[in-house]
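For the protein sequence lines, the chains are S and H, in the order given.
For the first sequence, full-length UniProt numbering assigns the number 1 to the initial residue and increments by one for each residue that follows.
For the second sequence, full-length UniProt numbering assigns the number 1 to the initial residue and increments by one for each residue that follows.
Even for Gly, the Cβ is constructed at its ideal location relative to N, Cα and C.
Protein chains: 2
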Amino acid sequence: MQTLYVELGARRYPIYIGSQLDPEQLLAPYVLGKQVMIVSNDTVAPLYLQHYEQALHNLGKTVAHCILPDGEQYKNIEHLNLIFDALLSSGFNRDCTVLALGGGVIGDMAGFAAASFQRGVYFIQVPTTLLSQVDSSVGGKTGINHPLGKNMIGAFKQPQVVLADMAQLKTLPPRELSAGLAEVIKYALLGDVEFLTWLEQHIDALVAGDETLLAEAVYRSCAHKARIVANDEKEQGERALLNLGHTFGHAIESYLGYGVWLHGEAVATGMVMAADLSCRLGWLSEADVARTKNIIQRAKLPIKCPAIPLDEFLSFMSHDKKVLNGQLRLVLMRQLGQAIITKDFDVELMQQAILANQEKA
Amino acid sequence: MQTLYVELGARRYPIYIGSQLDPEQLLAPYVLGKQVMIVSNDTVAPLYLQHYEQALHNLGKTVAHCILPDGEQYKNIEHLNLIFDALLSSGFNRDCTVLALGGGVIGDMAGFAAASFQRGVYFIQVPTTLLSQVDSSVGGKTGINHPLGKNMIGAFKQPQVVLADMAQLKTLPPRELSAGLAEVIKYALLGDVEFLTWLEQHIDALVAGDETLLAEAVYRSCAHKARIVANDEKEQGERALLNLGHTFGHAIESYLGYGVWLHGEAVATGMVMAADLSCRLGWLSEADVARTKNIIQRAKLPIKCPAIPLDEFLSFMSHDKKVLNGQLRLVLMRQLGQAIITKDFDVELMQQAILANQEKA
C-alpha cells in the first residue's frame, strides 16, 4: 500500500492506494462523529456496501445508506435531494460523515451533499472506478449537472481520507477502465512526458487490469493532481490545466446527453481536439498528434466524436466554466507534457480542430 | 451613513447603514465582473428592482433578474433551482455577481445560489427588511429549508458588501418590522444589558419606524453579530449564542408550517421559553423573565405559541443543528445580557418551560 498526502494545510488528507485495503483499520482515525451515511449506487452497493457497513459497525458507528440509481443522468438536483432526505429521515446531525462508495458521480453528489448538509459535515471517499480514483477523489470538486451544463452547481469540499482499492477494479466493466485511463493519459499529456513513455510501455497490461501497474498509474496521477491542487485549491490558475480535453469533452457530453458517452471517453476525444488545435497553432508536430491519438486508441478510447453541428458544439462550449468575462479559455499543449491555458487562439482554427475529429455526418 | 466592517481576513467586507443610500457609488468598487443577477421577490421587485438595475447599468454592467414568489414556504430546493435556471439561461459565467434584493429568504437563497453556482461566484446583499438587516446580512449563513427541518441545506458564503437602507423599511408591513425587532432584542438579551435598557427607552419609536433610531439599532446589532462572527466564522463555539430562542423557535415554525409565523415571531416566543427555562434553572429572576416578556410584547411580538403536542415539539427540536452526537444543546441565559450554550439542563424543566408558554389547547 502506498500513501499520498494532499497538502492543504488544516485540510491535509491521505489517499491510501493498494489492493485489499482494510477499511476498519484505515477509516478508524477519520470517522469523527458517530453517524455515517454511505452513499452508493445500485451497481456498486450489491458488491461492496456490506463490507464497509461491517467495518463501520465494528468501529461502533451508526450506519445508514442511500442507494441511488447508477448513471450520470441521475447526477441532478432531484437525486441530490434524496441524499438530504436520507440524512434527515435518519436523524443525522452536524457531526455526521457522508461516505461516498462508488465512481465519480457518487463522489460528486455525496461530496456536494456533505458540503451542503447543515452547511457542512464530514466526508470520506471510497472511489470504486479508475476514473474516480485518479480524478474526482483528489481536489475537492463536487457538484451536480444542470440541463444547461455539466457540474454547474457544486462546492469545493475536501474529504477526511480516500481509500483507492485496486481489487475493486476487477468488477469494473472494461469500457469504464478505459475511461479511467483517459484521465491517466491526461496527466502525462499535460505535465509529464516521461509518464507518457511509461504508459506507452505498459498500456496493454493496464487495459488488461494488472493491479500492480494500475496502482502505480493511480499513484502517479494522484501525485500530479495533488501537487497542482495544493498550489491552487480554488482553480484560480494552474489548476485549470487539469481541464485538458474537458471543454471540448463537455460539449460532446452535453450534446449527446449525459450518460451516453462516458466522461473519460468524451475527455479522450477532447484531448485529441486539443492536440489537433495545438498542432494547427504550430505548437505540436503532426508526430505529437499521432502519438496522442495512438495512446488513446490503445487504451480503447474514441479519437473521434459523432457528427455534431458546429453551432451547437460551440454553444455548449460557451457554457463551460472556463469562460471568463465572456471569453473562452482553452487548455492546449505548448508541447507534449506541457499544457497551458490560453484565450489567445484563432477561433477558426478551433472550429477546424473540432470538425476534423468528428465522424462524417 | 455609518460603515461597519466585518473582519474576516481576506473576506473582510463593509456594511453601509443609512437612509437613501446611493447604490451606484457604494456598489462600484464591489461588482468585480460584468454580469449581475438580481434575485428578488414579487413584493420587493416592484418597489426597488428598477432603482438597482439602473445603478448597475450606469456602472456598465450586464444585468438580469430572477423574481421568486414572496414567502418562507418557497425557500426550498425547487425555487433555488429557478435561480440556477436564470443564471444558466442568461449565459452567466464564473465571474458573475448574484445580488440579493429582499429579506432573509431572498438573502439565504441567493447566497446559497452564489456559493454553489459554478462552485462559487460573487455575492452582494441588499437586505430590505429589518430582520435581514440585523441578522441574515451578517455572518455568511445561507441555505434553504427541507420538509424535515429549517435551513438544513446550505453553505457559508460571505458577501462583497451589504447595503442596509432604512428608507426601504417605510414599505415594510408593521408585523415584519416587529419580527426584525425580535432579533434586535436578541442581541441585547444575549450580550448587552445596556442595549436592553436603550431598547426599553426607545421601543415605541422603533415600532413607529423612526429611521434614525432604527439605523442605530441596526448598527449596534450588526456590530454585536460581526464581532461574534469574526471570532467564530464556522460556528464552532461562541457563534452558537446567536441562536438564543432559535431551537424553540424552529420547532414552532416547523410545527406550524413555514410561513405561518414569521421567523422573528417564533424566535420571540423561543426567547421567552429560553428565559423561562433559565429562571427554572435558577439563573434568571422572575423579574428578569417579566422584563424579557415586556420588551417582546412592547415590540408587538407574541410571548406564547399555539398549543403544540409536546412529543411533536421535542421531535422538531431534535432536528435542530445544535444536536451534537445526539445530545440537544440549548442557548440559555446565565443572567440578562449573558447567554451561554449548554447541554446541562433538566429535560423535565425544559418541557415545563415549553408548556408554560403555549396557549391552552
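**OP:** Just tell me which of H:Glu53, H:Gly257 and H:Val138 has its CA closest to the CA of H:Tyr219.
**Re:** Locating residue 219 of chain H in the second sequence gives position 219, counting from the first residue. Of the listed residues, the one whose Cα sits closest to H:Tyr219 is H:Val138.
Subject >> Sequence-distant residues of its chain with Cβ nearer than 8 Å to S:Gln297 (five each side left out) >> reply: For the purposes of this step, residue 297 of chain S is taken as residue 297 along the first sequence, with counting starting at 1. Excluding sequence neighbours, S:Gln297 sits near Ile303.
Original post:
For S:Ala299, which of S:Ala205, S:Leu328 and S:Phe248 has the nearest alpha-carbon?
Top reply: Counting from 1 along the first sequence, the entry for residue 299 of chain S is found at position 299. Checking every option, the nearest Cα to that of S:Ala299 belongs to S:Ala205.
Original post:
Mind checking if S:Ser116 is an interface residue toward chain H, Cβ cutoff 7 Å exclusive?
Top reply: Residue 116 of chain S sits at position 116 when you count from the first residue of the first sequence. Yes - at least one Cβ of chain H is within 7 Å of the one on S:Ser116.
Original post:
What is the DSSP secondary structure of S:Pro127, counted as helix, strand or coil?
Top reply: Here residue 127 of chain S is taken as the residue at index 127 of the first sequence, counted from 1. The answer is strand: DSSP assigns S:Pro127 an E or B state.
Subject >> Counted within 10 angstroms of its Cβ, other Cβ atoms place H:Asn357 as buried (16 or more) or exposed >> reply: Within the second sequence, the letter at position 357 stands for residue 357 of chain H. The residue is buried, with at least 16 neighbouring Cβ atoms inside 10 Å.
Subject >> Nearest-angstrom Cα separation, counted from H:Ala268 out to residue 376 of chain H >> reply: Since the displayed chain H opens at 1 and closes at 361, residue 376 of chain H lies outside it and no answer follows.
Original post:
Who are the near neighbours of S:Ala307 in its chain, counting only those whose CB is closer than 6 Å to its CB and skipping five residues on each side?
Top reply: As a working mapping, residue 307 of chain S is identified with position 307 in the first sequence. Same-chain partners within the cutoff: Gln358, Glu359 and Ala361.
Subject >> Contacts of H:Asn81 in chain S (Cβ-Cβ under 9 Å) >> reply: Residue numbering aside, residue 81 of chain H sits at position 81 when the second sequence is read from its first letter. Those within 9 Å of H:Asn81 in chain S are Ile77, His146 and Ile153.
**OP:** Buried or exposed for H:Pro23, please, with buried defined as at least 16 other CB atoms from any protein chain shown within 10 angstroms of its CB.
**Re:** For the purposes of this step, residue 23 of chain H is taken as residue 23 along the second sequence, with counting starting at 1. When all chains shown are included, H:Pro23 counts as buried.
**OP:** Starting from the beta carbon of H:His319, find every residue of chain S whose beta carbon is closer than 8 Å, and list them in chain order.
**Re:** Residue 319 of chain H sits at position 319 when you count from the first residue of the second sequence. Those are Leu88 and Gly91, listed as they occur along chain S.
**OP:** For H:Arg329, decide whether its Cβ has a neighbour in chain S, counting only Cβ atoms nearer than 7 Å.
**Re:** Stepping through the second sequence from its first residue, residue 329 of chain H is reached at position 329. Output row for H:Arg329: interface = no.
**OP:** Would you be able to state if there are at least three C-beta pairs under 8 Å between the segment 279-286 of chain H and the segment 333-350 of chain H?
**Re:** yes
Subject >> Candidates H:Arg11, H:Ile17, H:Gly9 and H:Ala10: closest to H:Ala223 by CA position >> reply: Translated into the one-based positions of the second sequence, residue 223 of chain H becomes position 223. That would be H:Ile17, whose Cα lies nearest to the Cα of H:Ala223.
Original post:
What residues from chain H crowd round S:Gly149, counting only those whose CB sits closer than 7 Å?
Top reply: Residue mapping note: residue 149 of chain S aligns to position 149 of the first sequence, counting from 1. What S:Gly149 touches in chain H: Leu88.
Original post:
Taking DSSP as the reference, what is the three-state secondary structure of H:Tyr5?
Top reply: Translated into the one-based positions of the second sequence, residue 5 of chain H becomes position 5. In the structure shown, H:Tyr5 sits in a strand (DSSP, three-state: E or B).
Subject >> Euclidean distance between Cα positions of S:Val121 and S:Gly33 >> reply: Here residue 121 of chain S refers to the residue found at position 121 when the first sequence is read from its first residue. Here residue 33 of chain S refers to the residue found at position 33 when the first sequence is read from its first residue. C-alpha separation (whole angstroms): 10 Å.
Subject >> Inter-stretch contact at 8 Å, needing at least 3 Cβ pairs: the segment 164-173 of chain S / the segment 140-155 of chain S >> reply: no
Original post:
If the cut is a Cβ gap below 9 Å, which residues of chain S does H:Phe156 touch?
Top reply: In the second sequence, counting from the first residue as 1, residue 156 of chain H sits at position 156. Under the 9 Å cutoff, chain S gives Arg119 and Gly120.
Original post:
Where does the unbroken beta strand (DSSP E) through H:Val98 begin, and where does it stop?
Top reply: Walking along the second sequence from the start, residue 98 of chain H turns up at place 98. Note, H:Val98: beta strand (DSSP E), Thr97 to Gly102.
Original post:
Do the segment 33-44 of chain S and the segment 62-79 of chain S meet, that is, are 3 or more Cβ pairs less than 8 Å apart?
Top reply: yes
Subject >> Range covered by the beta strand (DSSP E) that runs through H:Cys66 >> reply: Residue 66 of chain H sits at position 66 when you count from the first residue of the second sequence. Residues Thr62 to Leu68.
Subject >> Collapsed DSSP secondary structure at S:Pro14 in the structure displayed >> reply: Reading the first sequence from its first residue, position 14 is the one you call residue 14 of chain S. In the structure shown, S:Pro14 sits in a strand (DSSP, three-state: E or B).
Subject >> Simplified DSSP state of S:His319, which is helix, strand or coil >> reply: Counting from one through the first sequence, the residue named residue 319 of chain S turns up at place 319. Looking at S:His319 - three-state DSSP - the assignment turns out to be coil, as it is neither helix nor strand.
**OP:** Take the Cβ of H:Asp344 as the centre, count every other Cβ of all protein chains shown within 10 Å, and call the residue buried at 16 or more, exposed below.
**Re:** Within the second sequence, numbered from 1, the residue matching residue 344 of chain H stands at position 344. With fewer than 16 other Cβ atoms within 10 Å, it is exposed.
Subject >> CA-to-CA distance, H:Met317 to H:His250, given in whole angstroms >> reply: Counting from one through the second sequence, the residue named residue 250 of chain H turns up at place 250. Counting from one through the second sequence, the residue named residue 317 of chain H turns up at place 317. Roughly 7 Å between the two C-alpha positions.
Original post:
Is there a Cβ from chain S that is less than 7 Å from the Cβ of H:Phe84?
Top reply: Taking the second sequence and counting its residues from 1, the one referred to as residue 84 of chain H is at position 84. Cβ-Cβ to chain S under 7 Å: yes for H:Phe84.
Original post:
Terminal residues of the continuous alpha helix (DSSP H) containing S:Gln54?
Top reply: The residue labelled residue 54 of chain S in the question sits at position 54 within the first sequence. Here the alpha helix (DSSP H) through S:Gln54 covers Ala45 to Asn58.
**OP:** Provide the residue(s) that pair with S:Phe248 in DSSP beta bridges, ordered along the chain.
**Re:** On the first sequence, position 248 is the one that residue 248 of chain S refers to. Bridge partners of S:Phe248: none, in fact.
Subject >> Residue range of the beta strand (DSSP E) that includes S:Arg334 >> reply: Numbered from 1 along the first sequence, position 334 holds the residue referred to as residue 334 of chain S. S:Arg334 -> beta strand (DSSP E) spans Leu330 to Gln335.
Subject >> Through-space distance from H:Leu87 to H:Cys96, alpha-carbon basis >> reply: As a first step, residue 96 of chain H must be located in the second sequence, where it is residue number 96. As a first step, residue 87 of chain H must be located in the second sequence, where it is residue number 87. Computed Cα separation, rounded: 9 Å.
**OP:** Select from the segment 51-70 of chain H all residues with a C-beta closer than 7 Å to any C-beta belonging to chain S, and list them in chain order.
**Re:** none
**OP:** Have a look at S:Arg12, S:Asn243, S:Pro14 and S:Leu21 and flag the residue whose alpha-carbon is nearest the alpha-carbon of S:Met1.
**Re:** To locate residue 1 of chain S, count along the first sequence from 1; it is residue 1. Out of S:Arg12, S:Asn243, S:Pro14 and S:Leu21, S:Leu21 has the C-alpha closest to the C-alpha of S:Met1.
Original post:
What's the C-alpha gap between H:Val289 and H:Leu355?
Top reply: Here residue 289 of chain H corresponds to residue number 289 of the second sequence, with the count starting at 1. Here residue 355 of chain H corresponds to residue number 355 of the second sequence, with the count starting at 1. Approximately 16 Å, taken between the alpha carbons.
**OP:** Whole angstroms is fine: what's the gap from H:Ala167's alpha carbon to H:Ser19's?
**Re:** Working through the second sequence from its first residue, we reach residue 167 of chain H at position 167. Working through the second sequence from its first residue, we reach residue 19 of chain H at position 19. Taking the straight line from one Cα to the other gives about 5 Å.
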